[in-house]
Structures are given as C-alpha cells and as structure tokens.
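For reference, the structure discussed in these notes is given below.
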Amino acid sequence: MVTFGINCRNYSCVVMSALSAKSLSSPLFRAAMPFGCLTLGEKKDYNSPSEVTDKYDLGQVVKSEEFCEIFRAKDKNTLKMYTCKKFLKKDGRKVRKAAKNEILILKMVKHHNILQLVDVFETRKEYFLFLELATGREVFDWILDQGYYSERDTSNVIRQVLEAVAYLHSLHIVHRNLKLENLVYYNRLKNSKIVISDFHLAKLENGLIKEPCGTPEYLAPEVVGRQRYGRPVDCWAIGVIMYILLSGNPPFYDETEDDDYDNHDKNLFRKILSGDYEFDSPYWDDISDSAKSLVACLMEVEQDQRVTAQEAINHEWISGNAASDKNIKDGVCAQIEKNFAKAKWKKAVRVTTMMKRLRAPDQSDSGASSPAMGASGGAVTPSSTPVPPAAIPVPACTTLVATKTAAVFHSCSCHYVFVNTINILLGVSILLTHFSFAVNSLQKLCSSFYSICPYIRIL
C-alpha cells in the first residue's frame, strides 16, 4: 500500500475477525487505525537492505544524534540529493519509538517551512527515513555572516517559524523540541526560506501531555513543573528563540562549571518556573518596545494566558511595521560568540539528565530536593519561588486581542477516538463470547447431571 507517495506497507493495523474482510480492506478504516499495527492475517513485510541501496547511494555519516545517524543520500535515478536518517533497532525501544513517531508525524504534514518526508524503508534491523535536503546554514551562522542585521531580519525568521507551528497546531501536533539548532535555511540563496527539522519528539495532542521532554534551556514552566501541557510549550520555545536572536543571550542561564549539570539544571529550572528573565542593558537598549512585548507574550508563565502561534502572527512586530531597521549585528554577534561557544549550550538534548531532574516526588532521594521540587518534596510553583530582584520591567501583553475559542479536534484525533471506541467494543464482544461459551458449557454439564440423577437415586 502506498500513502502520500511513501512506501508504508509496513504500517497497517490490528483488528478482530468480528469485522468483515471487506471492512478490513477499506482505505478509510486503515487510515483511522493506530500506527505500527497489523491487520489480522497480515504478515509484517520488511524491506531488504538491497532495496535501499538499489535506489539510493548513501554517503558518509554527516552527523550523529541521540537517536540516529544522518547521511547524505543520492537518488540513483534522478541524481537528486536527500537527507537520510538511519535508526538502529538494536539501540533500544526509545530509538524504535522515536523512528516510528517521526514517520507518523511527517506523513501527516505538508508545509513549505517543514522538511518533507520523501521515502521510508524498514528492514529487520533499521529504519531509513529520506527527507528533503536543506543546504543552507543554521540561523546563527547566517547572522554571523551578515554585514547588516536588524529586528526586521529576526521578525522574518520568527514569522516563518510561527507559520509552521500554527500549521502544526492546527493538526493538534506539538513539536516539543523547537530550538535554534533545528532551524536552518533551505538553501544559500539570499531570500531562502527557514525550515524546521527534527520531529522525533513531536506528539499528536490527544488530550494534555504528561511526559517531560525537550532541551532544558527551552523548556516551558509547565514542563519543568511536571504539569500537564500542550501546544503552548512550542510558543514558549519560540519566545526563547526570539530572545536569543535579538540579544545574543539566553533568557535563562546559570553560571556554573561546564560539567556541573546537576546544579546548572536546578538553578535553570527555578528561573524558568518563576519567569525570571530580564531585558537587561545594554543588550536590549536598541530593541523596540514592540519586540519586547511579543517576547513577553510568548514567554508568559501561565500557559492558559500565553499567546498562541496564530495570535503572535497577528502581532504588529510580525505583521506590521513595528520591527526596527537599526543594525544590531555587533552587539548580537559578540554575545552569540561569547555564550554559544560554551559546550553547555552546544550540547544535544539532555533528555536522560533532564528526566532525572524532573522525576516524580516519590522517586526523589530522601532529603534531596529535585530542581522541580521544593524542600518538602512538592512541586515548585512560581508563587513558592523567591521573587527575582528588580529589573527592567517586562511589558504586559497589551497589543494582542487574546480571543481564545474552544479547540475543535482535527480529523486525525477523531480517527483515534474512533479506534479506541472500536477496540473497546471488540473487547466487550470477546468477553461476551467467552461468557456465552461458559454458560453453554454449564448448561450441558447440568443436563448431563440431571440425566444421571434417576440412576443415582436407584443405587
């Protein structure tokens, strides 16, 4: 079966024989079922490694990430270059889950600011994902190479990110790992677009999410505080990105030894929980009030009061002419080179370390306090965190009309509701079948017993 032009024959679903063969073969039914399952009687059909190498030439490893290796790949027929991500199944359940999750999400999306999935292969040992190749530079490198850099350049970057995220949120997809390293220029042309990459932590929002994940410096307060969360975490991360692009500094940072991640994350998380950031001088002296206003709206501590991606697009700094054209390159570049040369900010996602920092209260060491916990073991809230020292005031989010409407489930979410309903009904039918079988057996036993009763009385 081919869906969205991608080889996805390995991804169908499990159902019971109570449904007819005709309904099992229905494309609509298959589309609605959970990812990564098989229909009754269908054998999982793996690709052979030769199918991959017959179609693509794989180059050397370009980059190694936490879950996968990244290659340059060339289509042997068209000679077009792609990015290949290889996930090894032997690396564990988390790696297999990350691969399946990225495939699921990327099959659903089609947006000009998101790298598109082109092809998928699953062998017995690996997953191969082939995506569009972005040949441009990371945003940091682009800024450093510019002779002139202003708020308008930043506004253009943030606008494209907001448009992509608003699209994802319309599909009830939460990216959960937005950061500067995942924003690249599609090519090296002057007016190249920005594209978002790395969707292995993205999640379909079917109710609020519990599990904490992401890159520590970009985490929203609700994630650090172990609250249930959703799409607003992406808007917070965009606020962090915007803050960095305008000042060259991270909004939350703790000066500790480079290898002292424990204390660094503890202090970092406490600052995030309280929204303890400043528009400090001289780095923000030349930045417009409108830009500061949007940062404040995106980095609102209370997630239900935080601006949405679509509302941020309508902000005057994005859609109007409020962004300043003053050259801020020297100040921004100096701070970027100072702050982001440090290994701590160049680290990949420290998911394992972060998960330990955000563990549940009953799992904490006795007498120790997790960074997301108070001395009593409870969750630290902004009200229980010491008030930060007086600083340049953060402007209130007064430039937006925050009209929020109830979210309407996307059809994909409805598919999952349908699937869960079907599974429940099938489970009930199985129980009823077993119950009916037990009743029939009992009736037969009773009949046999009554038939021999006269002989028992005679004896």
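Each number in the working numbering corresponds to the 1-based position in the sequence shown with 11 added. Note that the Cβ used here is the ideal one computed from N, Cα and C, for glycine as well.
| query | result |
| --- | --- |
| By DSSP's criteria, Y67 is part of a beta bridge. Which residues make up the other side? | D86 |
| Do V195 and V185 have their beta-carbon atoms positioned less than 8 Å apart in this structure? | no |
| So, with DSSP's three-state summary, where would you put S36? | Because the pLDDT of S36 is 44, which lies under 50, any placement of that residue in the model is unreliable, and the number read from its coordinates should be weighed accordingly. S36 falls in the coil class under three-state DSSP. |
| Flag this pair as yes or no: are the beta carbons of Y159 and N278 separated by less than 8 Å? | no |
| Assign I116 to one of three DSSP states: helix, strand, or coil. | helix |
| What is the C-beta distance between L477 and L117, in whole angstroms, given that I count them as a contact (C-beta under 8 Å)? | Residue numbering for the chain in the displayed model covers 12 to 470; residue 477 lies beyond these limits and cannot be assessed. |
| Does the separation of the CB atoms of N193 and S208 fall below 8 Å? | yes |
| Please report the Cβ distance between K201 and H123, rounded to the nearest whole angstrom; I am assuming they are in contact, meaning their Cβ atoms lie under 8 Å. | At roughly 17 Å, the Cβ-Cβ gap does not stay under 8 Å, so K201 and H123 are not in contact. |
| Using three-state DSSP, classify D209 as helix, strand or coil. | coil |
| Thinking C-alpha only, which one of V234, V120, L257 and E222 is nearest I154? | L257 |
| Give me the Cα-Cα distance between Q157 and G342, rounded to the nearest whole angstrom. | 13 Å |
| Do the stretch 306-319 and the stretch 248-262 make contact, defined as three or more Cβ pairs closer than 8 Å? | yes |
| So N188 and G147 are supposed to be a Cβ contact under 8 Å. How far apart are they, rounded? | Incorrect: roughly 20 Å between the Cβ atoms, too far for contact. |
| Taking buried to mean at least 16 other C-beta atoms within 10 Å of its own C-beta, is Q71 buried or exposed? | exposed |
| Which value, in whole angstroms, describes the spacing of the CA atoms of Y67 and I81? | 14 Å |
| If you draw a straight line from the C-alpha of D376 to the C-alpha of K105, how long is it? | Note that D376 scores 38 on pLDDT, short of 50, meaning its location in the model is unreliable; the coordinates nonetheless yield the value given after this. About 25 Å. |
| Compute the distance between the beta-carbons of Q169 and I283, then report whether it is under 8 Å. | Before going further, note that residue 169 is Ile rather than Gln in the sequence given. No, Cβ-Cβ distance for I169 and I283 is not below 8 Å. |
| Give the range of the alpha helix (DSSP H) segment to which F263 is assigned. | First-last for F263: undefined, no H or E at that position. |
| Let me check one thing: in DSSP terms, what residues is I184 bridge-paired to? | L215 |
| To which residues of the same chain is V172 closer than 8 Å at the C-beta, ignoring the five residues directly before and after it? | N124, L189, L194, I205, I207, I249 and I252 |
| Give me the Cα-Cα distance between P406 and R107, rounded to the nearest whole angstrom. | Residue placement at P406 is flagged as unreliable, the pLDDT there being 49, under the threshold of 50; the coordinate-derived value follows with that caveat. Going by the C-alpha atoms only, they are around 44 Å apart. |
| Skipping 5 residues on each side, what residues in its chain have a beta carbon closer than 6 Å to that of R314? | Checking the displayed sequence, the identity of residue 314 turns out to be Gln instead of Arg. Excluding sequence neighbours, Q314 sits near E233 and P243. |
| Which residue's Cα is closest to the Cα of P293: L115, M119 and A345? | A345 |
| Let's test the definition: count the other Cβ atoms within 10 Å of the Cβ of K136 and tell me whether it reaches 16, buried, or not, exposed. | exposed |
| How would you write the range of the alpha helix (DSSP H) that F139 sits in, first residue to last? | Careful: F139 lies outside any alpha helix (DSSP H), inside the beta strand (DSSP E) at E137 to E143. |
| Using a Cβ-Cβ cut-off of 8 Å (strictly less than) and excluding sequence neighbours within five positions of V150, which residues of its own chain qualify? | V168, L191, L194, V195, Y196, I205 and L256 |
| How many Å lie between N451 and D56 at the Cα? | 41 Å |
| If I follow the unbroken beta strand (DSSP E) through K97, where does it start and stop? | M92 to L99 |
| In chain order, what residues of the same chain lie with their CB nearer than 7 Å to the CB of Y240, ignoring the 5 residues before and after it? | L219, I220, A231, E233, V234 and Q314 |
| Would you list the residues sitting across from I220 in a DSSP beta bridge? | Y240 |
| Tell whether a beta-carbon distance below 8 Å holds between S299 and S335. | yes |
| Skipping 5 residues on each side, what residues in its chain have a beta carbon closer than 7 Å to that of N198? | T146 and G147 |
| State the DSSP-derived secondary structure class of K337, mapped to helix, strand or coil. | coil |
| Going straight from the alpha carbon of L474 to that of K111, what length do you get? | Outside the modelled stretch of the chain, which goes from 12 to 470, sits residue 474, for which no answer is possible. |
| Mind checking L436: buried by the 16 CB within 10 Å criterion, or exposed? | exposed |
| Less than 8 Å between the C-beta atoms of V131 and A320, yes or no? | no |
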